[in-house]
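FYI, the numbering for the sequence shown is 2 to 279, going by the working numbering. Note that beta-carbon positions come from the ideal geometry of N, C-alpha and C, so glycine has one too. To start, the structure under review is shown below, and the notes come after it.
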Amino acid sequence: MQLAGEFVKKVPTLAPLVSPLVGGLLGLNSGDGSVIPTTLGRAPATPFNKKITPHRRVAFRSVSLADVKTVKNAFGTSVNDVVMAMCAGALRHWLADHNALPASPLNAMIPVSVRDETAKGAMGNRVSAMLAVLPTNLEDPEQRLSVVHEATKIAKAQQATIPQGLVDDISDFAPPALAARAARVVFATGMMHRMPPFNICISNVPGPNVPVYMAGARMLAQYPLSVILDGQGLNITLVGYLGQLHFGLVACRELVPDIDTLAGYLIDELDLLLKAAG
2 MQLAGEFVKK VPTLAPLVSP LVGGLLGLNS GDGSVIPTTL GRAPATPFNK
52 KITPHRRVAF RSVSLADVKT VKNAFGTSVN DVVMAMCAGA LRHWLADHNA
102 LPASPLNAMI PVSVRDETAK GAMGNRVSAM LAVLPTNLED PEQRLSVVHE
152 ATKIAKAQQA TIPQGLVDDI SDFAPPALAA RAARVVFATG MMHRMPPFNI
202 CISNVPGPNV PVYMAGARML AQYPLSVILD GQGLNITLVG YLGQLHFGLV
252 ACRELVPDID TLAGYLIDEL DLLLKAAG
């Protein structure tokens, strides 16, 4: 009864937001009412978008943040755009190696912080996600970067249509038991690997800009390892620390047995972008 009462109280607040919210998520409108063109479609089939096993492969690489910024400044993009373009090129190369390169681009899920200014510095995580095209279908690295830049602008515009606090308000109406049961249905039916909403999660996590120590020993690098799920058998996460970007790749062993090769392609892609930057 209390849950129903709270829902009734929220309806007048939520109702006016439904139309712009849905339109924004579908790429139908922007803040000024204009149409946002979006090419985000169904995630194409790849070798790593299948049911996973208990076995894992991991790989690590580091790149200079200064090099990434050189590319960023040359093409007027962002650090994250350059990272996404590196990932697009590396995945394109790996998929081509395995005769599995789709004709259409991949879809990437990018975690984003939803903290407002008042919540900065607070403990815990407040994270949402946006979906963006990953142009693995394009051969030219400079063109891939340009498409990534436009795709992330669209994704950010769509994300901006979701009012702050709306997700928290809606989640209050989903009892834990109901949410858990829904999750079990999703995994039991294999929906995540039969119809994956995206191909890969790529997460760029800000790290400390000052040296970190433990028991007097200075930390030299921080390599993250995230999680994989059925239908999402490959994850790329990176952490910035003291002028370096440290990549941690994790995958299902049976789906991506040569993950170290894929990690090496990230370095190759940055080199190509640096050459294009002049």
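Problem set entry | Those residues which DSSP pairs with Q245 across a bridge | In the sequence shown, residue 245 corresponds to position 244, counting from 1. Beta-bridge partners assigned by DSSP to Q245: S65, Y242.
Problem set entry | Rounded separation between L226 and T238 - CA only | As a working note, residue 226 is residue 225 in the sequence shown. As a working note, residue 238 is residue 237 in the sequence shown. Each residue's alpha carbon lies about 7 Å from the other.
Problem set entry | Start-to-end residues for the alpha helix (DSSP H) that takes in I203 | Taking the first residue of the sequence shown as 1, we reach residue 203 at position 202. No alpha helix (DSSP H) holds I203; the beta strand (DSSP E) holding it covers 201-206.
Problem set entry | Sequence-distant residues of the same chain with beta carbon closer than 6 Å to L107, five excluded per side | Position 106 of the sequence shown, counting from 1, holds the residue named residue 107. Excluding sequence positions up to five before and after L107, its CB lies within less than 6 Å of the CB of L135, T137, N200, all in the same chain and listed in chain order.
Exercise. Taking the alpha-carbon positions, what's the R57 to V251 distance?
Worked result: By one-based count along the sequence shown, residue 57 stands at place 56. By one-based count along the sequence shown, residue 251 stands at place 250. Inter-residue distance for R57 and V251 is about 7 Å (C-alpha atoms, whole angstroms).
For this session: Report the three-state DSSP secondary structure of M87 (helix, strand or coil).
Result: Residue mapping note: residue 87 aligns to position 86 of the sequence shown, counting from 1. In the three-state scheme derived from DSSP, where H, G and I count as helix and E and B as strand, M87 is classed as helix.
Exercise. For L138, which three-state DSSP category applies?
Worked result: Taking the sequence shown and counting its residues from 1, the one referred to as residue 138 is at position 137. Looking at the sequence itself, residue 138 is Asn, so the reference to Leu does not match. Assignment of N138 by DSSP, reduced to helix, strand and coil, places it in the coil class.
Exercise. When the distance is taken between beta carbons, is A264 closer than 8 Å to S63?
Worked result: Position 62 of the sequence shown, counting from 1, holds the residue named residue 63. Position 263 of the sequence shown, counting from 1, holds the residue named residue 264. Result no, Cβ atoms of S63 and A264 do not sit closer than 8 Å.
Exercise. Candidates C253, D259, G217, I111: which alpha carbon is nearest T153's?
Worked result: If you number the sequence shown from 1, residue 153 lands on position 152. The residue with the shortest Cα to Cα distance from T153 is I111.
Exercise. What does a CB cutoff of less than 7 Å around G241 pick up in its chain, not counting 5 residues either side in sequence?
Worked result: Position 240 of the sequence shown, counted from the first residue, corresponds to residue 241. By the criterion of a C-beta distance shorter than 7 Å, G241 is surrounded in its chain by L66, P207, G208, once the five residues flanking it on both sides are discounted.
For this session: Leaving out five residues on either side along the sequence, give the residues of the same chain with a beta carbon under 6 Å from the beta carbon of V80.
Result: Within the sequence shown, numbered from 1, the residue matching residue 80 stands at position 79. Here the set comprises V69, K73.
Exercise. DSSP three-state call for L102: helix, strand or coil?
Worked result: Within the sequence shown, residue 102 is the residue found at index 101, counting from 1. Of the three classes helix, strand and coil, the one that applies to L102 here is coil, per DSSP.
Exercise. From A277 to V59, what distance separates their C-alpha atoms?
Worked result: Here residue 277 refers to the residue found at position 276 when the sequence shown is read from its first residue. Here residue 59 refers to the residue found at position 58 when the sequence shown is read from its first residue. Computed Cα separation, rounded: 30 Å.
Problem set entry | E270 - containing alpha helix (DSSP H), residue span | Your numbering for residue 270 matches position 269 in the sequence shown. Judged by DSSP secondary structure, E270 falls within the alpha helix (DSSP H) whose first and last residues are 260-278.
Exercise. By how many angstroms is the C-alpha of A216 removed from the C-alpha of V84?
Worked result: Taking the sequence shown and counting its residues from 1, the one referred to as residue 84 is at position 83. Taking the sequence shown and counting its residues from 1, the one referred to as residue 216 is at position 215. The straight-line gap separating the alpha-carbon atoms of V84 and A216 is approximately 33 Å.
Exercise. Whose CA, out of F248, V257, N205, lies closest to the CA of A101?
Worked result: Walking along the sequence shown from the start, residue 101 turns up at place 100. Of the candidates F248, V257, N205, the one whose C-alpha sits nearest the C-alpha of A101 is V257.
Problem set entry | Cβ-Cβ distance between L235 and F49 below 8 Å | Stepping through the sequence shown from its first residue, residue 235 is reached at position 234. Stepping through the sequence shown from its first residue, residue 49 is reached at position 48. A contact, by the Cβ cut-off of 8 Å.
Exercise. What does DSSP give as the partner residues of P225 in its beta bridges?
Worked result: The residue you call residue 225 lines up with position 224 of the sequence shown. Per DSSP, P225 has no beta-bridge partner at all.
Problem set entry | For R297, three-class secondary structure by DSSP | Here the chain comprises residues numbered 2 to 279, so residue 297 is not present and cannot be evaluated.
Problem set entry | Straight-line Cα distance separating Y214 from L92 | Position 91 of the sequence shown, counted from the start, is the residue given in the question as residue 92. Position 213 of the sequence shown, counted from the start, is the residue given in the question as residue 214. Between L92 and Y214, the C-alpha separation is close to 35 Å.
Problem set entry | L132 vs A156 beta-carbon contact at 8 Å | Indexing the sequence shown from 1 puts residue 132 at position 131. Indexing the sequence shown from 1 puts residue 156 at position 155. Contact flag set, yes.
Exercise. How about R254 and T78: do their beta carbons lie closer than 8 Å?
Worked result: For the purposes of this step, residue 254 is taken as residue 253 along the sequence shown, with counting starting at 1. For the purposes of this step, residue 78 is taken as residue 77 along the sequence shown, with counting starting at 1. No Cβ-Cβ contact shorter than 8 Å links R254 with T78.
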